[in-house]
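Let me begin by presenting the structure, written as C-alpha cells, before commenting on it.
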Amino acid sequence: MHTGEKPYQCSQCNKAFSRNNALIAHLRTHTEEKPYQCSQCNESFSHNNALIAHLKTHTGEKPYQCSQCDKAFSRKPNLLRHQRTHSGEKPYQCNQCNKSFSHKNVLISHLRTHTGERPYQCSQCNKAFTQNNVLIAHLRTHTGEKPYQCSQCDKAFSLKKNLLRHQITHTGEKP
C-alpha cells in the first residue's frame, strides 16, 4: 500500500523519498560517487541502470531510431533528448532570467552564471570551473595529454573540437 509518505530526506537539498535506497541513489548526485564500473572501458556510473545502458555502446546495439533522421540510440532517454533538436522544445527554464534550455545539464550549468558557483577545482593550480568536463580538458594543460588522434596524420589534440577542426584540412568539409 502506498501512503505517499516520504520519510527519507536528503540533508543536502531537503528532497524527500519514500524509500531509503532511493535516497542513497540520490545522494550520489551530491557526492558524485560512481560505484558501477564498466568492465570493458572502466567508465564509472552512479546508477546501475546507467551502466547497463552504457554496455550497449560496446555491442553497438541501438534499438531507438529517430523518426525524423537516420540517428539511432542505445537508450530511449537519449532518443527523446535528441528529438528536441527537431522540435525545438526547451522544457528547462531558468527561474532567474527565464532563459530556456533543451537539456537539463545545460540549465544546471547556466544557473552557475547567476550564482558564481565553480564546484570543479584543479588540484594543480586551484583554477575553478563550472563544469567537470571543462576541468578535465584543463587538466590536460598540466599533463600534456592529447587523447584525440587524427586518423589521417600523426597530429594529436587535447580537445575533440580541435581535432574536428583539423580534420577539415584533410577533407575540405566538416566531419
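Residue numbers for the sequence shown follow the working numbering, so the first one is 7 and each next one is one higher. Idealized CB from N, CA, C, for every residue including glycine.
According to the neighbour-count rule (16 or more other Cβ atoms, all chains shown, within 10 Å of its Cβ), is L169 buried or exposed?
-> Buried: at least 16 other Cβ atoms inside 10 Å.
Can you give me the Cβ contacts of H53 inside the same chain, cut-off strictly under 8 Å, excluding the 5 residues immediately before and after it?
-> Closer than 8 Å at Cβ, skipping near neighbours: A31, R34, Y42.
Going by C-alpha distance, which of C156, S164, D76 is nearest T149?
-> Answer by Cα proximity: S164.
Would you mind reading off the limits of the alpha helix (DSSP H) that contains Q89?
-> For Q89, the enclosing alpha helix (DSSP H) starts and ends at 82 to 93.
Contacting residues, own chain, Cβ-Cβ under 7 Å from F79 (five flanking each side not counted) | Closer than 7 Å at the Cβ level, and outside the excluded window around F79, lie K68, Y70, L85, H88.
Let me know the secondary structure DSSP gives Q99 once reduced to three states.
-> DSSP places Q99 within a strand segment (E or B) once states are collapsed to three.
Assigned secondary structure, Q137 (DSSP; H/G/I helix, E/B strand, else coil) | Of the three classes helix, strand and coil, the one that applies to Q137 here is coil, per DSSP.
According to DSSP, which residues form a beta bridge with Q15?
-> In the DSSP output, where bridge partners are listed per residue, Q15 has A22.
C72 to P97, Cα distance in whole Å?
-> Spanning the two alpha carbons is a distance of roughly 19 Å.
Between S108 and Q137, is the Cβ-Cβ spacing less than 8 Å?
-> No; because the gap between Cβ atoms is not below 8 Å, this pair is not in contact.
Using the Cα positions of H120 and A134, report the straight-line distance between them to the nearest angstrom.
-> When the Cα atoms are used, H120 and A134 turn out to be separated by approximately 16 Å.
According to DSSP, is Q173 helix, strand or coil?
-> Correct three-state label for Q173: helix.
Roughly how far, in whole angstroms, is the beta-carbon of Q158 from the beta-carbon of H176, given that I think they are within contact range, below 8 Å?
-> Right, the Cβ-Cβ distance comes to about 4 Å (below 8 Å), so this counts as a contact.
Along the alpha helix (DSSP H) that carries T119, what are the first and last residues, could you check?
-> Element bounds for T119: 110 to 121.
Got a sec, what are the start and stop residues for the alpha helix (DSSP H) T9 sits in?
-> Looking at the DSSP string, T9 is not in any alpha helix (DSSP H), and its letter there is neither H nor E.
Is it the case that the Cβ atoms of C156 and Q130 are separated by a distance below 8 Å?
-> Here C156 is not near Q130, since their CB atoms are 8 Å or more apart.
Residue range of the alpha helix (DSSP H) that L165 falls in?
-> Taken as a continuous stretch (DSSP letters only), L165 belongs to no alpha helix (DSSP H), as it is neither H nor E.
Residue from H60, C103, C75, R118 with nearest C-alpha to C44 = Put simply, of H60, C103, C75, R118 the residue whose alpha carbon is nearest the alpha carbon of C44 is H60.
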